[in-house]
Structures are given as structure tokens and as C-alpha cells.
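The listed protein sequences derive, respectively, from chains X and S.
Under the numbering used here, think of the first position of the first sequence as 15, with each following residue one higher.
Under the numbering used here, think of the first position of the second sequence as 19, with each following residue one higher.
Cβ coordinates follow ideal geometry from the N, Cα and C atoms, glycine included.
Since the structure comes first, as C-alpha cells, the remarks are kept for the end.
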Amino acid sequence: NEQPRPHDEL
Amino acid sequence: MNIFRLAGDMTHLLSIVVLLLKIRTTKSCAGISLKTQELYVIVFITRYLDLFTRYVSFYNTAMKLVFIGTSVAIVWYMRLHKVVKQTYSRDEDTFKHYLLIPPCFILALLIPLEFTVTEILWSFSIYLEAVAILPQLLLLQRSSNIDNLTGSYVFLLGAYRALYIVNWVYRFFTETHKIRWIPWISGLVQTALYADFFYYYIKSWKNHEKLRLPA
């Protein structure tokens with residue numbers, strides 16, 4: 015159960 | 019955004035500036051792997067598809083566009099610029115980079131973040147970025163003469179990955195307390211690939227010697 019990615023990261 | 023993340027992004031940006039500086043001022047791309055640069059174009063385009071679907075910040079959008087634009091520009095110089103392309107180390111840049119693409123894609127299908135097109139391609143870009151430096155490292159091993167700008171470029175690129183790991187550790191304790199296997203493991207693999215290079219780079223810097231990697 016991978017956490018959703020933080021969309022602020024490049 | 020924390021200081022490690024910003025330092026990582028700035029190091030990444032600086033590595034690209036150094037590479038473009040080398041290409042534009044010396045009109046030479048000797049020692050630079052076109053294979054690695056082509057993989058980066060694929061990495062950035064597949065990762066930043068969310069440019070069209072999600073707005074995060076001006077910084078985020080600008081950086082994504084810069085990474086896509088500069089990677090395309092570098093490949094353009096190496097393939098099409100009439101002077102620069104003649105300096106390409108074609109005979110030594112022999113890593114079969116296209117062979118890296120199918121396994122990364124299959125891995126992204128097997129272990130995606132979510133089963134949607136953008137998240138599968140995002141996972142693919144993470145896996146591909148982890149190994150995209152391999153042709154460049156192989157080329158450095160084969161180069162008898164690594165110039166300072168090329169050495170600095172690869173060092174800054176490795177430093178960016180190392181700083182991202184510090185950023186994740188910091189974020190884990192200060193923000194989320196959540197585990198993120200896909201980028202963490204890929205990021206650790208990616209940084210580990212630089213270990214050998216770092217060792218010889220720092221050694222040559224300390225001893226004021228020219229950088230050479232043992233084959």
C-alpha cells in the first residue's frame with residue numbers, strides 16, 4: 015500500500 | 019519545501035547549467051553520453067505529463083518545463099548541431115540504452131503507484147531515471163581524458179540524488195510518517211550507482227589530480 019506521491023516533488 | 023529539497027533541485031539545475039556551459043562555450047560534447055541524455059528526455063516527458071492536469075505552483079511548473087526543455091536542447095546539440103555533433107564520443111558511448119526501457123516499463127506495470135496511465139508512466143520514469151546514468155558512467159570509464167566540466171556535471175547530478183534522499187528522510191519525520199517504497203528504493207539504487215564515481219571524484223579533488231576512473 016504505497017502512499018500517493020507528493021505532487022510537489024520533481 | 020525544505021532546504022534539502024531546494025538544495026537538491028538547485029544542484030540538479032546547476033548540473034544542467036554546467037553541461038550546457040560546456041557545450042556552448044567549448045562547442046564540444048566529448049565525454050557526454052547521448053544515450054543518457056536521450057533517456058532523460060523520456061524520463062522528464064513521462065514524469066511531467068501532469069503539467070496538463072495539475073497545477074502545483076509556479077516553481078513546480080517552471081522547473082518541469084526547464085527540465086524538459088534543457089534535456090531536449092542537449093540532445094539537439096549532440097545530434098544536430100553541426101560543430102558539436104562532431105565531438106560526440108560515438109565509439110565509446112556503446113551502452114545499449116534502449117534495452118533499459120522495456121524492463122522499466124514492465125516493472126511500472128507490475129508495481130505502479132496506481133493503475134492509471136499517468137501513474138504508470140510516472141512509476142516508469144522513476145525506474146528509468148534510476149538507471150539512466152549507466153551509459154554516462156560507462157563512457158567515463160572508457161574516457162582517458164575527463165575534462166573538469168564533465169566531471170563536475172556528473173558529480174552535481176549525483177549530489178542532487180543524494181540530497182533528495184535527505185529530503186525524504188526529513189519529510190518522513192516532519193510531515194507524513196508515511197513510507198514511499200517506489201521513489202525511495204529507486205532513489206537509493208540511483209544514488210548507489212554513483213558511489214564508485216564519488217569515491218574517485220573526491221579522491222582526485224583532494225589530491226589535486228586529474229579525474230580517472232579505473233575500467
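- The DSSP-derived three-state label of histidine 115 of chain S is helix.
- Look at serine 162 of chain S here: in three-state DSSP terms it is coil, with no helix or strand label.
- Under the Cβ criterion of 7 Å, arginine 198 of chain S is counted among the residues facing chain X.
- Counting the other CB atoms within 10 Å of its CB gives phenylalanine 85 of chain S a total of 16 or more, which places it among the buried residues.
- Taking C-beta separations shorter than 7 Å and ignoring five residues to either side along the sequence, the partners of threonine 88 of chain S in its chain run Ile34, Leu38, following chain order.
- Closer than 7 Å to the CB of valine 207 of chain S there is not a single CB belonging to chain X.
- Across the structure, threonine 192 of chain S and glutamate 23 of chain X are spaced so that their CA atoms are roughly 16 Å apart.
- In the pairwise beta carbon analysis, the segment 128-147 of chain S is classified as touching the segment 66-81 of chain S: at least three pairs are separated by under 8 Å.
- When the beta-carbon positions are compared, serine 51 of chain S and glutamine 154 of chain S come within less than 7 Å of each other.
- Take the alpha-carbon of isoleucine 164 of chain S and the one of valine 172 of chain S: they are about 11 Å apart.
- Selection S:Leu31, S:Trp223, S:Met96, S:Arg189 evaluated against arginine 108 of chain S yields S:Met96 as nearest (Cα-Cα).
- About 5 Å separates the beta carbon of alanine 25 of chain S from that of leucine 181 of chain S, a gap short enough to meet the 8 Å contact definition.
- At a cut-off of 7 Å between beta carbons, methionine 81 of chain S contacts chain X.
- A distance of 7 Å or more separates the beta carbons of leucine 118 of chain S and valine 36 of chain S.
- Listed in chain order, the non-local C-beta contacts of valine 90 of chain S below 8 Å within the same chain comprise Val59, local neighbours out to five positions each way being set aside.
- Excluding residues up to 5 positions away in sequence, Ala148 lie with their Cβ nearer than 6 Å to the Cβ of valine 207 of chain S in the same chain.
- Cβ contact annotation for arginine 179 of chain S (same chain, cutoff 6 Å, sequence separation greater than five): Gln208, Thr209, in chain order.
- Non-local C-beta neighbours of proline 201 of chain S in its own chain, meaning closer than 7 Å and more than five positions away in sequence, comprise Ile144, ordered along the chain.
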